[in-house]
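Q: Position one of the sequence shown corresponds to residue 1 (UniProt numbering), numbered consecutively onward.
Beta carbons: idealized from backbone N, C-alpha and C, even for Gly.
All values derive from a computational prediction rather than experimental measurement.
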Amino acid sequence: MDDYKKELVEVKKELNDVREQIQQLLEHQDQLERRKHELEALLEQNSTKSAQEDEQWDRHDFSWSNELEDKMKSVFKIQELRPMQLQTMNVTMSNKDCMLIMPTGGGKSLCFHLPALLSKGVTLVVSPLVSLMEDQIMALVKLNVAAEMLNASTSKDTVNRVQDEMVSHNAPLKLLYVTPEKLAKSKRFMAKLEKMYQLGRFSRLVIDEVHCCSQWGHDFRPDYKFLGIMKRQFPEVPILGLTATATSKVLEDVKKILNIPNCYVFKASFNRPNLYYEVREKSGVQAEAMDEIHKLIKNQFPNQSGIVYCFSKKEADDVTADLRRRGIKAGCYHADLMAVERSRVHQAWLADKIHVVVATVAFGMGIDKPDVRFVIHNSLSKSMENLYQESGRAGRDDKKSHCILFYRLQDVFKQSSMVFTEQTGLENLYGIVAYCIDTNRCRRSVIASHFGEVWDKAHCNGMCDHCDPAKQKSTQTKDITKYCQDVLTVLDHSKRQDQRLTANKLIESWMQKGPVNMRVKGVEAPSSNILTLERIMAYMLIRGYIKEDFHFTPYSTISYLVPGPKAKLLSMGMENVSMDFISSSSQTNGDSQVAVKKSLATTSAENQPKPKLVVINNEKSAFSEMKFADSTVANDNGNDDNPSHTNGEGDNSTQKGGIIVKDEKSANKLKKRKPVIVSSDESDADDMDFGGNILTAKPSKAKKALRDKSIPSTSNQDTVKSTDALSLDSVKSTDALSLDSVKSSDALSLDSVKSTDALSLDTVKSTDASSLDSVKNTDVLLLDSDSAFG
Ligand SMILES: Nc1ncnc2c1ncn2[C@@H]1O[C@H](COP(=O)(O)OP(=O)(O)OP(=O)(O)O)[C@@H](O)[C@H]1O
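#1: So what does DSSP say about T475, is it helix, strand or coil?
#2: Three or more C-beta pairs closer than 8 Å, one from the stretch 281-300 and one from the stretch 381-395: is that the case here?
#3: With H, G and I counted as helix, E and B as strand and the rest as coil, what does DSSP make of V162?
#4: If you draw a straight line from the alpha carbon of E134 to that of L193, how long is it in whole angstroms?
#5: Assign Q198 to buried or exposed, taking buried as 16 or more other Cβ atoms, counted over all protein chains shown, within 10 Å of its Cβ.
#6: Return yes when at least one heavy atom of ligand 1 lies under 8 Å from the C-beta of D368, else no.
#7: Three or more C-beta pairs closer than 8 Å, one from the stretch 178-188 and one from the stretch 117-130: is that the case here?
#8: So does P469 have its beta carbon nearer than 8 Å to some heavy atom of ligand 1?
#9: When the distance is taken between beta carbons, is A330 closer than 9 Å to T320?
#10: Have a look at A152, K71, K231 and Q79 and flag the residue whose alpha-carbon is nearest the alpha-carbon of N95.
#11: Determine the contact status of L405 and I376, defining contact as a CB-CB distance below 9 Å.
#12: Please report how far the alpha carbon of L42 lies from the alpha carbon of R34, in whole angstroms.
#13: Given this structure, state the Cα-to-Cα distance separating N517 from I546, to the nearest angstrom.
#14: Let's test the definition: count the other Cβ atoms within 10 Å of the Cβ of K12 and tell me whether it reaches 16, buried, or not, exposed.
#15: From which residue to which residue does the beta strand (DSSP E) around residue 800 run?
#16: Can you give the beta carbon distance from P238 to T92, rounded, assuming they're within the 8 Å contact cut?
#17: Whole-angstrom Cβ separation of A362 and L488, contact assumed at under 8 Å?
#18: What I want to know is whether the C-beta of F76 ends up closer than 8 Å to one or more non-hydrogen atoms of ligand 1.
#19: With a cut-off of 8 Å, do at least 3 Cβ pairs link the stretch 62-72 to the stretch 249-268?
#20: What three-state label does DSSP hand R19 in the structure shown?
#21: Would you say the beta carbon of K495 is closer than 8 Å to some non-hydrogen atom of ligand 1?
#22: Using C-beta distances below 7 Å, list every residue in its chain close to G366, excluding the 5 sequence neighbours before and after it, in chain order.
#23: Cβ atoms of A116 and V145: under 9 Å apart, would you say?
#24: From F226 to A184, what distance separates their C-alpha atoms?
#25: Does ligand 1 have even one heavy atom less than 8 Å from the beta-carbon of K108?
#26: Rounded to a whole number of angstroms, what is the C-alpha to C-alpha distance between S527 and I542?
#27: Based on Cα-Cα distance, which residue from E315, K73 and V122 lies nearest to residue 794?
#28: Can you tell me whether DSSP reads M467 as helix, strand or coil?
#29: Label T245 either buried or exposed according to how many other C-beta atoms from any shown protein chain fall within 10 Å of its C-beta, with 16 as the threshold for buried.
#30: Is any heavy atom in ligand 3 found nearer than 8 Å to the beta carbon of M102?
#31: Candidates A525, E281, Q304 and L86: which alpha carbon is nearest E55's?
#32: Let me confirm a value: E278 is counted as buried when at least 16 other C-beta atoms fall within 10 Å, else exposed. Which label applies?
#33: So L275 and S401 are in contact, right, with Cβ under 8 Å, and what is the actual spacing, rounded?
#34: Can you give me the C-alpha to C-alpha distance between V345 and C403, rounded to a whole angstrom?
#35: Would P261 be called buried (16 or more neighbouring beta carbons within 10 Å of its own) or exposed?
#36: Distance, Cα to Cα, N576 vs H28?
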C-alpha cells in the first residue's frame, strides 16, 4: 500500500512537471510562430527592395524622364510622385512586365496614365467594372486625354469608330478601357488588337485589379483567366498588373496565369500615415449606438465628407433614416437600390450635396473622392483586408482622416454566420476580432502583419488609439484560466441538458442568470462587467478554446458555441490562459475603448450603476433641498466608468453630487443605459453632453430635446405630452423611462409612479422636494450644475 502511495505521489509530481514543460513549449511555439511570420515578412520586404535597388528604377535620366516630369505637372497637375510610382513607370516605359501592389488610393492609375501619354499608340486597360471605367474616362477627358471604352452596352457606331481609331496611325486615342468579357468573347475585337499590334500601336496592356485572375484571391473572375493568352499573342507588349490586394500566394498564381514569371514586382507600403485608426465600444442598445455615431459626425466631422459602412442593406437603410432624422445630410447606397439612385447618391456626395454615404460594401471599387475625412464601420468588417480597403477610402488627399470601427461581440456572430461557408471565412473574421479586442498593440503594426509587412510602432506617430499620447493607458496581464474553465464547464453542462447555447445565452448562464437548469453549481458568477466577459469569450473563440457550431433554420443561420479544439488542454489544467487588460489606474473618463474598463479584480466598482435619472441641481432650483430616503452615495462625478471615483463601501450619506443607488440588481441592469436628464433650467440641456435622454423644463425645449436626442427611438414620443421637469402631465408607456404609468407626476410631488423601471422606484408616494418618503432602489444622480458640466 505504502509503495503505491509513494509511487502515486511521484507520478503526480512527474505529471505536474510534464504539464509545466508542455505549457512552456506551447508558449515557445507561439513565440516562434510570431517570429517566423515577422522574419518572412522582413525577407519579402527586403527582396522586393533589393530588386528595386539593383536596377535603380527610380533614376531620372531615362530618355523619357524630362517629358514624364513635364506632363506630370502640366497635364495631371501633380508636383511630386509617391513611392513606387516612378519605379513602376520607368519599368513599363522600358517595355518590361511589372506588377504593382499599392494600397487603395495610393495612386496606381497615374502609373499607366502618364506612360500612356509618353508612348506611341494605345494603352489597353482591362478593368472589371464599367462604373470604374466611366469614372476614369470622365476624369481623363477633363484633362484632355483621349480615352474611350468598349463594353457589352457600347453602341455599334461607337464600337466601329473606336476600332477604326485603334488601327489608324493619326488617331489621337491613348487609352482604351475594356471589360475582360469583351476580350474573352469578341473575336472581332481580338482581330483588331492583332492588327494594332502588327502596326506597332499596341503600346501596353494594363490589367487593373489583377488579383481577379487568381482563384486564391477573394475576387476571382473567370474571364480574367483568358488574359493568360495575351503574352503569347502579343509577346512584345509589356504587361502592367495593378492591385491593392495580393498575398504572395496570389501573386505567384497571377504571374503563372499571365505567363510573366520574371516580371518586376513593386510593392508600396500599405502604411497610410495620414489615417488614424481607432476601435470603439459599440453600445448593445441600438438607439445609443446611433447617438454615439450622430454625436461623432456632428461634433468631430461637421459638414465633412464621410462613409458609414453597415453590415446589411437593412442596417444601411435604418442608419440612413436615423441620421437624416437627426439632421445629417446622408444618402444610402446598396445593391438593392436602383442603379440610377445609387449613381444619384454617389454624384451628390462627390458634389458635397450630401455629406455621408451610408453603405454596404457595394460602395467600393472606384471611389475616388479626395477629401473623405472619416470612414466609420457601424458593424464589424468580415476581415482585416476588408477593413483596410474600406477604411482606405478616407484621406486620399493625404490629409488626416479617421477610420473608426464600432465593435461589439454580437456583430461577430452576424458576420460569422455569413462567412463560415467561405474557405478562410472564419479565419479572416477572427483576425479582425483579434484586432478589435486588443488593448495595447499599435493598430498599424497589426494591420501591417496582415499584409506581410513590419511597421515599426514608432512610425505610427500617435495615429492610432493605442499610440495616441492623449489616450495612453497602461495594461496588465491577468490569468483568466479559471474564467475560461468555467465557460467550458457551462458548455459541458448545457450539453448534458441537451441544450445549445448562443454567445448571449452562454454569458447569461455563466453569470448565473436565465433558466435555472442552465446555471451550474460550482461556477461562480463572474464579478466583471459584461464587456469584460464578452472580451474573454472573443478571446477564447479566436484561440480555439471554444468554437462556433452553425445550425440552419428556415430563416437564418444560428451560431452556437461549443468546446473548441484546445478545450481539452484547458479542462485538464494543461494550459494557462492570460490576457491583457487596461489597468484601472490608467482609464480615462468618457473613453469608449472596447478594452475592458475595469480590472477583473475591481468588483465593487463593477457594480456601480450608470444613472438613469440625472437631476441638475442648480442654485435656484427646488431640487437643492431634495432628499432621498434609503439611499447610498456612490459616485461624485457622474462617470461610473471610473473606479477611482467610487466611494468605499459603507458610505451611506446623502449628498449633493452623487449617484444614489441602493439595489445592486437594478444597478447592474441599468448600468449600461444612458441617463434621463431632468433639469429645472432649460439651458442645461443644451450644454450637457451626457449623450442621454433629456427631458427639460419647458415643453418647447423638451420637444427639441426629444427631437435632437432622439428619444423617439427609445420611447413612444407621441405619448409624452407637455413634458416638463417640474410637471410631467402625462407620460405613458414611455420606453425611454420604461415607466408604465406616470400620472400627474411632478418632480416635487410624484403622486403615483408605478413600476418605474427607469427610476427603479418601486413605490413613490406623496413625494415632495424635501422628503421623498419611500423611494426604493433609487437610481438617481443628484449633481451640482458645476459638476454636471465640469
Ligand atoms: N503623386 C501624387 N501626388 C498627389 N496626388 C496623387 C499622386 N498620385 C495619385 N494622386 C491622386 O491620388 C488619388 C488616388 O489615386 P488613384 O485613383 O490612382 O488610386 P488607386 O491606387 O487607383 O486607388 P484604388 O485602388 O482605390 O483605385 C487620385 O485623386 C490621384 O489624383
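A: On the basis of the coordinates in this document:
#1: Numbered from 1 along the sequence shown, position 475 holds the residue referred to as residue 475. Of the three classes helix, strand and coil, the one that applies to T475 here is strand, per DSSP.
#2: no
#3: Looking up residue 162 in the sequence shown gives position 162. If DSSP states are grouped into helix, strand and coil, V162 belongs with the helices.
#4: On the sequence shown, position 134 is the one that residue 134 refers to. On the sequence shown, position 193 is the one that residue 193 refers to. Whole-angstrom Cα-Cα distance: 22 Å.
#5: Here residue 198 is taken as the residue at index 198 of the sequence shown, counted from 1. So Q198 counts as exposed.
#6: Looking up residue 368 in the sequence shown gives position 368. Yes, ligand 1 has a heavy atom inside 8 Å of this Cβ.
#7: yes
#8: Here residue 469 is taken as the residue at index 469 of the sequence shown, counted from 1. P469: no, Cβ never under 8 Å from ligand 1.
#9: One-based indexing of the sequence shown puts residue 320 at position 320. One-based indexing of the sequence shown puts residue 330 at position 330. Contact: yes.
#10: In the sequence shown, counting from the first residue as 1, residue 95 sits at position 95. Answer by Cα proximity: K231.
#11: Position 405 of the sequence shown holds residue 405. Position 376 of the sequence shown holds residue 376. It is a contact, given that the beta carbons lie within the stated cut-off.
#12: As a position in the sequence shown, residue 42 is number 42, starting the count at 1. As a position in the sequence shown, residue 34 is number 34, starting the count at 1. Rounded to whole angstroms, L42 to R34 spans 12 Å at the Cα level.
#13: As a first step, residue 517 must be located in the sequence shown, where it is residue number 517. As a first step, residue 546 must be located in the sequence shown, where it is residue number 546. Cα to Cα, the separation comes out at about 22 Å.
#14: Counting from one through the sequence shown, the residue named residue 12 turns up at place 12. It counts as exposed.
#15: As shown, the chain starts at 1 and ends at 790. That puts residue 800 outside it, with no answer to give.
#16: Sequence index remark: in the sequence shown, residue 238 carries index 238 (1-based). Sequence index remark: in the sequence shown, residue 92 carries index 92 (1-based). About 5 Å; that satisfies the 8 Å criterion.
#17: Along the sequence shown, read from residue 1 onward, the residue named residue 362 stands at position 362. Along the sequence shown, read from residue 1 onward, the residue named residue 488 stands at position 488. Contact flag wrong, Cβ pair sits at about 40 Å.
#18: Position 76 of the sequence shown holds residue 76. F76: yes, Cβ under 8 Å from ligand 1.
#19: no
#20: Reading the sequence shown from its first residue, position 19 is the one you call residue 19. In this structure, R19 counts as helix in the three-state DSSP scheme.
#21: Numbered from 1 along the sequence shown, position 495 holds the residue referred to as residue 495. K495 Cβ: outside cutoff for every heavy atom of ligand 1.
#22: Reading the sequence shown from its first residue, position 366 is the one you call residue 366. If we look at G366 and ignore the five residues flanking it on each side, its Cβ neighbours are L129, S131, L132 and D135.
#23: On the sequence shown, position 145 is the one that residue 145 refers to. On the sequence shown, position 116 is the one that residue 116 refers to. Yes, the Cβ-Cβ distance between V145 and A116 is below 9 Å.
#24: Within the sequence shown, the letter at position 226 stands for residue 226. Within the sequence shown, the letter at position 184 stands for residue 184. In a straight line, the C-alpha of F226 is about 6 Å away from that of A184.
#25: Translated into the one-based positions of the sequence shown, residue 108 becomes position 108. Yes, Cβ of K108 sits closer than 8 Å to a heavy atom of ligand 1.
#26: If you number the sequence shown from 1, residue 527 lands on position 527. If you number the sequence shown from 1, residue 542 lands on position 542. Straight-line Cα distance between these residues: approximately 23 Å.
#27: The requested residue 794 is not part of the displayed model; the chain covers only 1 to 790.
#28: For the purposes of this step, residue 467 is taken as the residue at position 467 of the sequence shown. According to the sequence displayed, residue 467 carries Cys and not Met. Coil at C467, not helix or strand.
#29: Position 245 of the sequence shown, counting from 1, holds the residue named residue 245. It counts as buried.
#30: Here the bound small molecules are ligand 1; ligand 3 is not part of this structure.
#31: Locating residue 55 in the sequence shown gives position 55, where the first residue counts as 1. The residue with the shortest Cα to Cα distance from E55 is L86.
#32: Mapped onto the sequence shown, residue 278 falls at position 278. It counts as buried.
#33: For the purposes of this step, residue 275 is identified with residue 275 of the sequence shown, where counting begins at 1. For the purposes of this step, residue 401 is identified with residue 401 of the sequence shown, where counting begins at 1. Going by Cβ atoms, the distance from L275 to S401 rounds to 6 Å, so yes, they are a contact pair.
#34: Along the sequence shown, read from residue 1 onward, the residue named residue 345 stands at position 345. Along the sequence shown, read from residue 1 onward, the residue named residue 403 stands at position 403. One C-alpha to the other measures close to 21 Å.
#35: Within the sequence shown, the letter at position 261 stands for residue 261. By the neighbour-count rule (16 or more Cβ atoms within 10 Å), P261 is not buried but exposed.
#36: Mapped onto the sequence shown, residue 576 falls at position 576. Mapped onto the sequence shown, residue 28 falls at position 28. Looking at the two C-alpha atoms, the distance is approximately 14 Å.
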